[in-house]
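Residue numbers (the working numbering), protein chains in the order written: chain A, 3 to 327; chain B, 7 to 397.
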């Protein structure tokens, strides 16, 4: 089979799920005639019509709220945030309304909110964010953030079929840079399962999304230059977290570096570190370390953005410190 | 026949003498009496809740719709069984019309384990899509986008169903209200947005909420029809809502209905209404009580006999008494049920390790008399009492 990009994989997932289930429909800003800001939904309008590919007003509260209402009635809406930064506008609707609906009112909310996320693209403060931490902190939501084209497709299909609201973060840096060969047939990646991206013995890097690729680069360099065998765990799902995979890599290598592109304070690395502390304290040969963005809004200019975000060289530096501890 | 959900109203109808007169809004005599029944049930049930609140059996805050029973009942009465509404905190009457029962309301307020939300939510925050009402949440205006989505689904499926969402004068200031109504208007969703203008949002009077002369003026900006009516006239409320519902069902999209009323009690039972000008509440109670007005009309213009109404009053009292007895016997929730139902899968969360094997979180001695008062280290006494209200 031909290789497809991460972006095309997302489109394939949408088309396959809309073909499979008449209750699946898409709504968002500029997703129809224009095909979406990044063309994720290109061609969907022609294929499925205006009823199922809805161009909406610029109204994140309205879009997410309407998706919830439709989901209550048995539909499976897929919302596109033009940039995931704008999900902040719908924070109330997602956290107060959607996340609590099943628990407080026994109202199912099978819906997906997806959108281009992340930096390294010179997007500036409002087209580069990684807002996952706030939503991981909200019981009732699920959060996934794939790094490969295969998982982009498989996780989106799983998200659409899930009976609860799944936030599907897509890394825009990976959209056209990463390709994969889609497995034949109905390719669904289970939510809540991490993926071992590289096996190793000496230390583990736990990460997700774009920094998976930076961790893999760092691992190669460390093997080449230091003779270190580095394991890389791609979380894929951030809520729920795959505790078994985190525990098992920790107990295997006894040294853990958590890497994410999100800012440091209150980021998911803190949660992972705490879980390792609770479940693997005796197995650790070194403190769990983190490589993250600095705690600043993401600036636009290349030297500034590069300085703020975690780079391969940062991972190499931190891994060497960890290995030598 | 409009919404007809409980057997109660039918029993009431059967006791009245059918006549063939022409009645307002094309309603039958049975329906006219039914409107009275729902308003009386709303008021009597709330009065019972006040008694239970004073006995501390209502765990959280208590919200009244005193003086607004007509706008709730009349508007909901314009819907069919298959239609869906989303109530606000002063729409107990609308929920009763849509099939919520007094037992459910009482269990809900008393935080019982067999309440509709199994003790998860307060007051009238609950729903049932089968009976056609979807529970609100506390952030105001949020139900407008949700109901836009509910009615978008009706449109997508080609169903002749209508949605109705209530907002107060205060919620019209929210972004959710604007985004929801605009989305629904553009998509031509079969949605009726009822703005209940009762003069106050908590303590804030309408003049501090908007510079618009009237809320119905906002309809122009959304490109939808808007009509205002006397919300304390149950027939007028029914008629104006019915017109909007008919438009929605005919595929003409969104309408705004503004119902003028007055909130005679505070935001919740704890609110002393110190911000209300002296005499205002009494004047409304004396001159513009929706039930008094309707009774007068039923007796004079529509020539109902006193017995027909007192019979309904007695039935309502009996139903509320019976419901109270049942609800009071309901058990409290099992503590572990708190971990059930956040997700479809997993069905329940796992208790934290220090809670495992325990049925309850609180030992009997953890909340002694005086819980909520704190003494400072030097023994100077109470530092403050935690307010009982959590609304």
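Even glycine gets a Cβ: it sits at the ideal position worked out from N, Cα and C. Please read all numbers here as calculations on a predicted model, not as lab measurements.
- Query: With burial defined as no fewer than 16 other Cβ atoms inside 10 Å of the residue's Cβ, what is the status of residue 201 of chain A: buried or exposed?
  - Reply: Exposed, because fewer than 16 other Cβ atoms sit within 10 Å of the Cβ of residue 201 of chain A.
- Query: For the putative contact between residue 180 of chain B and residue 169 of chain B, defined by C-beta atoms under 8 Å, what is the C-beta separation to the nearest angstrom?
  - Reply: Contact doesn't hold; Cβ gap of about 18 Å is too wide.
- Query: Expressed to the nearest angstrom, what Euclidean distance is found between the alpha-carbon atoms of residue 188 of chain B and residue 92 of chain B?
  - Reply: Cα-Cα distance, rounded: 18 Å.
- Query: With C-beta atoms as the reference, is residue 186 of chain B less than 8 Å away from residue 230 of chain B?
  - Reply: By the CB criterion at 8 Å, residue 186 of chain B and residue 230 of chain B fall outside the cutoff.
- Task: Can you give me the Cβ contacts of residue 207 of chain B inside the same chain, cut-off strictly under 7 Å, excluding the 5 residues immediately before and after it?
- Result: The residues 174, 175, 176 and 215, in chain order, have a CB closer than 7 Å to that of residue 207 of chain B in the same chain once the five nearest residues on each side in sequence are set aside.
- Message: Would you call the stretch 208-218 of chain A in contact with the stretch 182-193 of chain A, where contact means no fewer than 3 C-beta pairs closer than 8 Å?
- Response: Contact between the stretch 208-218 of chain A and the stretch 182-193 of chain A is absent, with fewer than three C-beta pairs closer than 8 Å.
- How would you call residue 113 of chain B, buried or exposed, if buried means at least 16 neighbouring beta carbons within 10 angstroms? Buried.
- Hey, residue 44 of chain A and residue 13 of chain A are a contact pair by Cβ (cut 8 Å); roughly how many whole angstroms apart? Between the beta-carbon of residue 44 of chain A and that of residue 13 of chain A there is about 7 Å, and that keeps the pair under the 8 Å contact cut.
- Task: Spell out whether any CB of chain A is found under 8 Å from the CB atom of residue 252 of chain B.
- Result: Not closer than 8 Å to any Cβ of chain A, the Cβ of residue 252 of chain B fails to qualify, so no.
- Residue(s) in a DSSP beta bridge with residue 266 of chain B: Looking at the DSSP assignment, residue 266 of chain B forms a beta bridge with B/203 and B/236.
- Residues of its chain near residue 63 of chain A, where Cβ-Cβ distance is below 8 Å and the 5 sequence neighbours each way are ignored: Taken in chain order, the residues that qualify are 91, 92, 94 and 95.
- Query: Should residue 318 of chain A be flagged as near chain B, meaning a C-beta pair shorter than 8 Å?
  - Reply: It does not; no Cβ of chain B falls within 8 Å.
- Given residue 118 of chain B as reference, the closest of B/154, B/165 and B/65 once Cα atoms are compared: For the set B/154, B/165 and B/65, the Cα lying nearest the Cα of residue 118 of chain B is the one of B/65.
- Query: In its own chain, which residues sit with a C-beta less than 8 Å from the C-beta of residue 152 of chain A, not counting the 5 before and 5 after it?
  - Reply: Excluding residues up to 5 positions away in sequence, 11, 182, 183, 184, 185, 189 and 191 lie with their Cβ nearer than 8 Å to the Cβ of residue 152 of chain A in the same chain.
- Item | Enclosing beta strand (DSSP E) for residue 165 of chain B [first to last residue] | Looking at the DSSP string, residue 165 of chain B is not in any beta strand (DSSP E), and its letter there is neither H nor E.
- Item | Complete beta strand (DSSP E) runs within the stretch 102-176 of chain B (minimum length 3 residues, chain order) | Uninterrupted beta strand (DSSP E) stretches at least 3 residues long and entirely within the stretch 102-176 of chain B occur at 169-174, given in chain order.
- Task: Report the residue from B/44, B/153, B/120 and B/97 whose alpha carbon sits nearest the alpha carbon of residue 131 of chain B.
- Result: Considering only alpha carbons, the answer is B/97.
- Using a Cβ-Cβ cut-off of 8 Å, state whether residue 75 of chain B counts as contacting chain A. By this cut-off, residue 75 of chain B is not an interface position.
- Task: Scan the stretch 248-330 of chain B and note each continuous alpha helix (DSSP H) run of 4 residues or more that stays entirely inside, going in chain order.
- Result: Taking only runs of at least 4 residues, the alpha helix (DSSP H) segments lying wholly in the stretch 248-330 of chain B are 286-293 and 296-305.
- May I have the straight-line CA-CA distance separating residue 167 of chain B from residue 56 of chain B, to the nearest angstrom? Those two C-alpha atoms are separated by around 36 Å.
- Item | Through-space distance from residue 355 of chain B to residue 172 of chain A, alpha-carbon basis | One C-alpha to the other measures close to 28 Å.
- Task: Could you work out which residues of chain A lie near residue 107 of chain B, taking near to mean beta carbons separated by less than 7 Å?
- Result: Correct list: empty, because the minimum Cβ distance to chain A is about 17 Å.
- Taking just the CA atoms, how far does residue 74 of chain A sit from residue 278 of chain A? CA-CA distance, residue 278 of chain A to residue 74 of chain A, rounds to 38 Å.
- In terms of DSSP beta bridges, what is residue 170 of chain A paired with? Answer is A/116 and A/146.
- Between residue 286 of chain A and residue 174 of chain A, what straight-line distance do the alpha-carbon atoms span, to the nearest angstrom? Rounded to the nearest angstrom, the two C-alpha atoms are 35 Å apart.
- Query: Just how far apart, CA to CA, sit residue 299 of chain B and residue 203 of chain B?
  - Reply: Residue 299 of chain B and residue 203 of chain B have their C-alpha atoms spaced approximately 19 Å apart.
- Message: Taking the beta carbon of residue 278 of chain B as the centre, do at least 16 other beta carbons fall within 10 Å, making it buried, or is it exposed?
- Response: Looking at its Cβ environment, which holds fewer than 16 other Cβ atoms inside 10 Å, residue 278 of chain B is exposed.
- Query: How would you call residue 303 of chain A, buried or exposed, if buried means at least 16 neighbouring beta carbons within 10 angstroms?
  - Reply: Burial call: exposed.
- Item | Residues bridged to residue 28 of chain A [DSSP beta-bridge criterion] | Partner(s): A/55 and A/80.
- Query: Going along the stretch 188-209 of chain B in order, which residues come within less than 9 Å of chain A, judged by CB to CB distance?
  - Reply: Within the stretch 188-209 of chain B, the residues whose Cβ lies closer than 9 Å to some Cβ of chain A are 188, 189, 190, 192, 193 and 195, listed in chain order.
- Report yes or no: is there a C-beta of chain B within less than 8 Å of the C-beta of residue 99 of chain A? Among the residues facing chain B, residue 99 of chain A is included, as its CB has a counterpart in that chain under 8 Å away.
- Message: Using DSSP's beta-bridge definition, name the partner residues of residue 280 of chain A.
- Response: In DSSP, residue 280 of chain A forms no bridge with anything.
- Nearest CA to the CA of residue 197 of chain A: which residue from A/133, A/147 and A/267? The shortest C-alpha separation from residue 197 of chain A is found at A/147.
- Item | Where the stretch 263-296 of chain A meets chain B: residues whose CB sits under 7 Å from a CB there | When C-beta distances to chain B are compared with 7 Å, every residue of the stretch 263-296 of chain A stays at or above that value.
- Which of the three DSSP states, helix, strand or coil, is assigned to residue 368 of chain B? Assigned with DSSP and collapsed to three states, residue 368 of chain B falls in coil, not helix or strand.
- Item | Contact set between residue 110 of chain B and chain A, taken where Cβ atoms lie within less than 8 Å | Within chain A, no residue comes near residue 110 of chain B; the closest Cβ sits about 13 Å away, beyond 8 Å.
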